[in-house]
Structures are given as C-alpha cells and as structure tokens.
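What follows is a set of notes on a single structure, which appears directly below.
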Amino acid sequence: LRKAGLAGEIWGHARSEETRAAALEIGICDQVFETAAEAVRGADLVVLCVPVGAMGAIAAEIAPHLAVGCTVTDVGSVKAAVVEAVGPHLPAHVHFIPGHPLAGTEHSGPRSGFAALFSNRWWLLTPLEGTDAGALARLKACLTGIGANVDEMEVARHDLVLAVVSHTPHLIAYTMVGVADHLRRVTHEEVIKYSASGFRDFTRIAASDPTMWRDVFLTNKDATLDILGRFTEELFMLQRAIRMGDGQMLHDYFTRTRAIRRGIIEAGQDTAAPDFGRGAPGGESR
Ligand SMILES: NC(=O)c1ccc[n+]([C@@H]2O[C@H](COP(=O)([O-])OP(=O)(O)OC[C@H]3O[C@@H](n4cnc5c(N)ncnc54)[C@H](O)[C@@H]3O)[C@@H](O)[C@H]2O)c1
Ligand SMILES: O=C(O)C(=O)C[C@]1(C(=O)O)C=C[C@@H](O)C=C1
Numbered sequence: 023l024r025k026a027g028l029a030g031e032i033w034g035h036a037r038s039e040e041t042r043a044a045a046l047e048i049g050i051c052d053q054v055f056e057t058a059a060e061a062v063r064g065a066d067l068v069v070l071c072v073p074v075g076a077m078g079a080i081a082a083e084i085a086p087h088l089a090v091g092c093t094v095t096d097v098g099s100v101k102a103a104v105v106e107a108v109g110p111h112l113p114a115h116v117h118f119i120p121g122h123p124l125a126g127t128e129h130s131g132p133r134s135g136f137a138a139l140f141s142n143r144w145w146l147l148t149p150l151e152g153t154d155a156g157a158l159a160r161l162k163a164c165l166t167g168i169g170a171n172v173d174e175m176e177v178a179r180h181d182l183v184l185a186v187v188s189h190t191p192h193l194i195a196y197t198m199v200g201v202a203d204h205l206r207r208v209t210h211e212e213v214i215k216y217s218a219s220g221f222r223d224f225t226r227i228a229a230s231d232p233t234m235w236r237d238v239f240l241t242n243k244d245a246t247l248d249i250l251g252r253f254t255e256e257l258f259m260l261q262r263a264i265r266m267g268d269g270q271m272l273h274d275y276f277t278r279t280r281a282i283r284r285g286i287i288e289a290g291q292d293t294a295a296p297d298f299g300r301g302a303p304g305g306e307s308r
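So the sequence shown is numbered by the UniProt record's numbering: it starts at 23 and just counts up by one.
Written out as structure tokens, the structure is:
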C-alpha cells in the first residue's frame, strides 16, 4: 500500500513490543499501538491479519471503535469460520468484506513482508449478501492497485477450493517431513543430508507457522477431511499399481498430472518463480 501510494497513513497493532518496533523500523507503519482498539480509530480501511482462530476476539475488541463507513476486511486462509467469528461483532455502520490473498511464504512477522508479495497473485473476496457496491469497488481498486488479481467467490466454495489447492497439500508436506524425520533416526541422518529438491520443497512448506496452520485445519475441518479422503483413495490406487507392476496405469496417471502442471504455468500462475529468500528482507533463504 505504501509503495503504491494508496494509503494516507498506515497504523498498526501487534501484541509484542518487538513486532511493533520492527514495523516502525522498516517503515511499513507510520504509527503503532499497543491495542487494536487504538489502531483502528478513524480508519477508512481495517485489515485483520491474525491467525483464523484469533479473528473473533480482535473483532470484538475493535468493534466499538470503528468509524462510520469504515471497511473491515481480513486475510485469513479460511472464510466461513472468519465470517462466523467476526460478522456478529461488527456494527451495521461498517462494511465487512472478507478476503484472502493467495500469496505468502513459510516466514512470519513484518520483516517477511515485501512490496511485490501480491503482484500478479490472486486475492479472493467473499462478499456477503447485501454488501455495499461502493465499498466493494473501493476495496477492489485498492487491491488491484497493489498488483493483485481480484476475484469474487462464495464463502463455502472458497473453503473447498482452498482445501484442494493449499490446505491439504500443506498437510501432506507436514506428514512427509514427519515420515522422513522418523526414518532419519533409523538411517543416521542420510535422509536429511541427501534430500533431493522434491523433498526440500516439502520441507519449505512444512516450515510454515504452526499456529496459522493449526487454525486452518481446525476451522476448515469438513472440506479438508473430504479432500484428504479423496487423496487417500488415489494413493491406495497408485500403491496397488506399484504392487501389481501396472506401468501403464502409472504412466497414464503421471501424464495427466504433468498436463495440469503445464496448464498452471501457461496460465501464468506458477508460484515457483519468486525467490522468497531474496524477496523477504530479514527472512531466511530457502
Ligand atoms: N503466510 C501465508 O502464506 C498466508 C497467506 C495468505 C493468508 N494468510 C493468513 O494471514 C493471516 C496472518 O498470517 P501471517 O502469515 O501474516 O502471519 P504472521 O505470523 O506474520 O502474523 C500474524 C500475527 O498475528 C499475531 N497473533 C497470533 N495470535 C494472536 C492472537 N491470539 N491475538 C492477537 N494477535 C495474534 C502474531 O503475533 C503475528 O503478529 C492468517 O490468518 C493466515 O491464515 C497467510
Ligand atoms: O508458498 C507458500 O509458502 C504458501 O503456502 C502460500 C499459501 C499457499 O499457496 O498455499 C499458503 C496459505 C495461504 O492461505 C495462501 C498461500
């Protein structure tokens, strides 16, 4: 927002003195406050950026302090749970428009942010019934102004789609790294020492914030369990093909998945390109 010149003043809140000081030091906030209530005073736009499970408490705290006509949005990875937790606290004189940028890294904290993070990435909005058209248009203009591609989606559909493209893949990465860690004890560290790039990508994902991902799975339970069930069925099918020596089945399957990957690249949605280590000041490199 700052780089695009889209905000007059940016005020922030974080619980720890260290995080507030970092936000001032790197210049992403003009002022920081010890409470969320102080940080939202007189704001045109409020963005909630806490783990999904913490959204409700923050909404309750800020609700009495929100200006008339203010837009409240969020960046939570799950939408139904946020709508349920935040919506009831907000007064009728504010516009609540839930959102989710499909961009991020395994790093946390203000020093992991960088101006190009949302550039050419999807930012999904899940407007609720009766959302003010003017407020929605202003928020969209703001997000496209920072380089994001904005789309609208219905809340339940968002949670199902994200269970496929983000939540379940994270669970699989966590599991695979757990399996390797268990094996490491048997193989005297060779697993980690010789891990090839496929496994290294899994370890990057599995290094993501534990609180954030705990909340994702606790709040997008049904969709994740549905996709995980389908994943397990496919896995058993592949397991059987390996056991039976069914090379044709394996080849056909991998040909299909290769086409999906190529489709993603052709659509310009390849996320492998950014160098997160370089792009995230202060963040660890991959
Ligand atoms: N990291 C990603 O890849 C990514 C991408 C899209 C959306 N999101 C969503 O964005 C939100 C924030 O994630 P982030 O990656 O910016 O995390 P982050 O760790 O950088 O920031 C979260 C902040 O919330 C604070 N916090 C945690 N629990 C809190 C509580 N109970 N009360 C008040 N503050 C609390 C933390 O101290 C931290 O300052 C989450 O809802 C996450 O699901 C993350
Ligand atoms: O590349 C990463 O580190 C991410 O996992 C980012 C990622 C994802 O693509 O799944 C993670 C969670 C989100 O809610 C949005 C984006």
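We treat Cβ as the ideally placed atom computed from N, Cα and C, and that holds for glycine. Because the structure is a prediction, the values reported are computed rather than measured.
CB-CB length for residue i against residue j, believed under 8 angstroms
i           : j           : result
residue 120 : residue 93  : So it is not a contact: roughly 11 angstroms between Cβ atoms.
residue 69  : residue 87  : Between residue 87 and residue 69 the Cβ distance is about 15 angstroms, and since that is not below 8 angstroms, they are no contact.
residue 85  : residue 111 : 5 angstroms
residue 67  : residue 168 : Contact flag wrong, Cβ pair sits at about 12 angstroms.
residue 125 : residue 139 : 5 angstroms
residue 102 : residue 178 : 6 angstroms
residue 91  : residue 115 : 7 angstroms
residue 150 : residue 105 : 7 angstroms
residue 288 : residue 227 : So it is not a contact: roughly 23 angstroms between Cβ atoms.
Of the residues the options, the one placed nearest residue i, counting alpha carbons only
i           : options               : result
residue 189 : 28, 45 and 100        : 100
residue 74  : 50, 108, 282 and 56   : 108
residue 78  : 65, 215 and 98        : 98
residue 252 : 49, 288, 194 and 156  : 194
residue 72  : 157, 54 and 37        : 37
residue 237 : 197, 192, 157 and 211 : 192
residue 32  : 41, 40, 65 and 213    : 65
residue 56  : 197, 34 and 248       : 34
residue 246 : 180, 212 and 76       : 180
residue 132 : 199, 209 and 40       : 40
residue 50  : 59, 235, 254 and 24   : 24
residue 162 : 134, 123, 130 and 198 : 123
residue 274 : 284, 286 and 260      : 260
residue 254 : 89, 271, 278 and 197  : 197
Cross-strand partners of residue i (DSSP beta bridge)
i           : result
residue 171 : 144
residue 54  : 34
Between the segment 144-152 and the segment 172-181, do three or more beta carbon pairs fall short of 8 angstroms? In short, these stretches touch, since the Cβ pair count reaches three.
What runs of the alpha helix (DSSP H), each 4 residues or longer, lie entirely inside the segment 63-148? Listed in chain order, the complete alpha helix (DSSP H) runs (minimum 4 residues) inside the segment 63-148 are 77-84 and 102-108.
Could you tell me which whole alpha helix (DSSP H) segments of length 4 or greater appear in the segment 254-289? DSSP runs (the alpha helix (DSSP H)) wholly in the segment 254-289: 269-288.
Which runs of the alpha helix (DSSP H) fall wholly inside the segment 179-227 and span at least 4 residues, in chain order? Inside the segment 179-227, DSSP marks whole alpha helix (DSSP H) runs of 4 or more residues at positions 190-209, 212-215 and 219-227, from first to last along the chain.
Three-pair Cβ contact test at 8 angstroms for the segment 35-50 versus the segment 195-212: No: the two stretches stay apart, fewer than three of their Cβ pairs being nearer than 8 angstroms.
Touching or not, the segment 218-231 and the segment 256-271, by the rule of three or more beta carbon pairs under 8 angstroms? Counting Cβ pairs under 8 angstroms, fewer than three are found: no touch.
Contact the segment 216-223 vs the segment 175-187: 3+ CB pairs below 8 angstroms: No contact exists between the segment 216-223 and the segment 175-187.
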